[in-house]
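Numbering (the working numbering), first residue to last: 4 to 409.
Ideal placement from N, C-alpha and C gives every residue a C-beta, glycine not left out.
Below is one structure, written out as structure tokens; the observations come after it.
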Ligand code: SF4
Ligand code: SF4
């Protein structure tokens, strides 16, 4: 978005304020500068050079979760998310801001580097130095260490080609992402087994890495573009039927940036479009579960796919339109607001009596797991496909886990 385009888009905001009630930061901070309308005014003033960065504009933009609840509520259709991304890009490129965050995202978005950090983390844990690091009075660092507890015990790399268990000749690509491919390793394995058991060979190319969403939303547009270009190049060479996504934030980024040359589809949508005769047989699960809808996919089809599980009592989590505070790297950059939102969600979770929380977002799942653990609750967090896989297994018809050939 050029500076001129930015101003044209921002001028579409008529300052009606209808977006204020849905904004999580306005709800918590009750300040106009932390509302969508206030931020659009700041973005306009910054673009016209009427204010500079010393006027706290950066603070108010950084506090935005980019949840885009305001965009969904806006009757004028203002593209708030694009305005925010463009403004953050201007700030980071012109003022060379956030070098540490840039470096962190650089480390997190590469398979090998991330695996090195997993090794280092476990070495530090075994040596006892992690306990000392946890005492450092830097809240963001402590938050990072708390999140790191969800890392797998050993480095994982599931890239490769997994043959189908049936001779159908069908093949799909699976997009596993960066952090999600480690934190959600169980989900990745479940998805491979499910798809190959249904007759689809699964390809996870080694060149598949990060979707670039966290870079883009933090203002590192060039790096985000490079990630999308790499995905465009490798999907352009593939003869797979679809590129299947597991995490909603990656899906949204790939869709909005048109980063896949293969037809893009979420794994829930992929299963739902199968003919009934191809759907996996699922064992009943007589338990109460609650669905959390991520901001990156408020109208996802998770509810429909979960309804395929017999006897599952599914309830919506209250205030499902409210962001849980995960918001990509937000839980590291704004830990206080992130925790306040997480606590609101946790109270809703406690109140509805569910034994399982289901969400298709890696970030939301991390946030809920941490909140649940801190509160000492006995509630499991699943991706919809992990639950589908579990009930497929329990039905006794699941096939063996395929082994990668590459
Ligand atoms: S963003 Fe939309 S809803 Fe919010 S003040 Fe502007 S026009 Fe109104
Ligand atoms: S994106 Fe979310 S946090 Fe940011 S202004 Fe809009 S509603 Fe508020």
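Query	Result
Ends of the beta strand (DSSP E) at residue 294?	291-294
Just grab the DSSP bridge partners of residue 246 for me.	176 and 267
Classify residue 338 as buried or exposed, calling it buried when 16 or more other Cβ atoms lie within 10 Å of its own Cβ.	buried
Would you kindly check if the distance between the Cβ of residue 361 and the Cβ of residue 294 is under 9 Å?	yes
Which residue marks the beginning of the alpha helix (DSSP H) containing residue 144, and which one marks its end?	142-151
Compare the Cα-Cα distances from residue 334 to each of 260, 204 and 142 and report the closest residue.	142
What separation, rounded to the nearest whole angstrom, lies between the Cα atoms of residue 209 and residue 227?	18 Å
With distances taken Cα to Cα, identify the nearest neighbour of residue 46 among 61, 57 and 394.	61
Just reading off the alpha helix (DSSP H) that residue 371 is part of, what are its end residues?	365-378
For residue 234 and residue 255, which I take to be in contact (beta-carbon distance under 8 Å), what is that distance rounded to the nearest angstrom?	Contact doesn't hold; Cβ gap of about 14 Å is too wide.
Just to confirm, are residue 391 and residue 249 a CB contact at a threshold of 9 Å?	no
Counting pairs of Cβ atoms below 8 Å between the segment 49-59 and the segment 16-31, do you hit three or more?	no
Please tell me whether, using a cut-off of 8 Å, the distance from the CB of residue 16 to the nearest non-hydrogen atom of ligand 1 is below it.	yes
Measuring straight from C-alpha to C-alpha, what distance separates residue 336 and residue 9?	25 Å
Could you check if residue 353 is buried or exposed, using at least 16 other CB atoms within 10 Å of its CB as the buried criterion?	exposed
Are the CB atoms of residue 211 and residue 251 within a distance shorter than 9 Å?	no
Name the residue from 214, 175, 158 and 156 whose alpha carbon lies nearest to the alpha carbon of residue 164.	175
State the DSSP-derived secondary structure class of residue 317, mapped to helix, strand or coil.	strand
Under the three-state reduction of DSSP, which class applies to residue 3: helix, strand or coil?	Summary: the structure shown does not reach residue 3, with the chain confined to residues 4 through 409, and so no result is reported for it.
Give every residue of the same chain whose Cβ lies closer than 8 Å to the Cβ of residue 216, excluding the five residues on either side of it in the sequence, and list them in chain order.	227, 252, 253, 255, 256 and 331
By how many angstroms is the C-alpha of residue 348 removed from the C-alpha of residue 321?	8 Å
Measuring only from the beta carbon, is residue 19 closer than 8 Å to any heavy atom that is part of ligand 1?	yes
Go to residue 111, then tell me how far its alpha helix (DSSP H) extends in each direction, as first and last residue.	102-111
Does the Cβ of residue 405 have 16 or more other Cβ atoms within 10 Å, making it buried, or fewer, making it exposed?	buried
Mind checking whether the beta-carbon of residue 251 lies closer than 8 Å to any heavy atom of ligand 2?	no
Tell me whether residue 364, by its Cβ, gets closer than 8 Å to a heavy atom of ligand 2.	no
Closer than 8 Å: is that where the CB of residue 43 sits relative to any heavy atom of ligand 1?	yes
Note down the Cα distance separating residue 111 from residue 104, rounded to an integer number of angstroms.	10 Å
Going by DSSP in three states, residue 205 sits in which element: helix, strand or coil?	strand
Would you mind working out which of 323, 364, 356 and 224 sits nearest residue 344, comparing C-alpha positions?	323
Should residue 154 be labelled buried (16 or more other beta-carbon atoms within 10 Å of its own) or exposed?	buried
Name the residue from 15, 5 and 27 whose alpha carbon lies nearest to the alpha carbon of residue 346.	27
Verify whether the separation of the beta carbon atoms of residue 285 and residue 268 is less than 9 Å.	no
With distances taken Cα to Cα, identify the nearest neighbour of residue 11 among 80, 128, 172 and 179.	80
Just to confirm the assignment, what range does the beta strand (DSSP E) spanning residue 360 have?	359-361
Check each candidate in 89, 39, 74 and 200 and name the one with the smallest Cα separation from residue 299.	74
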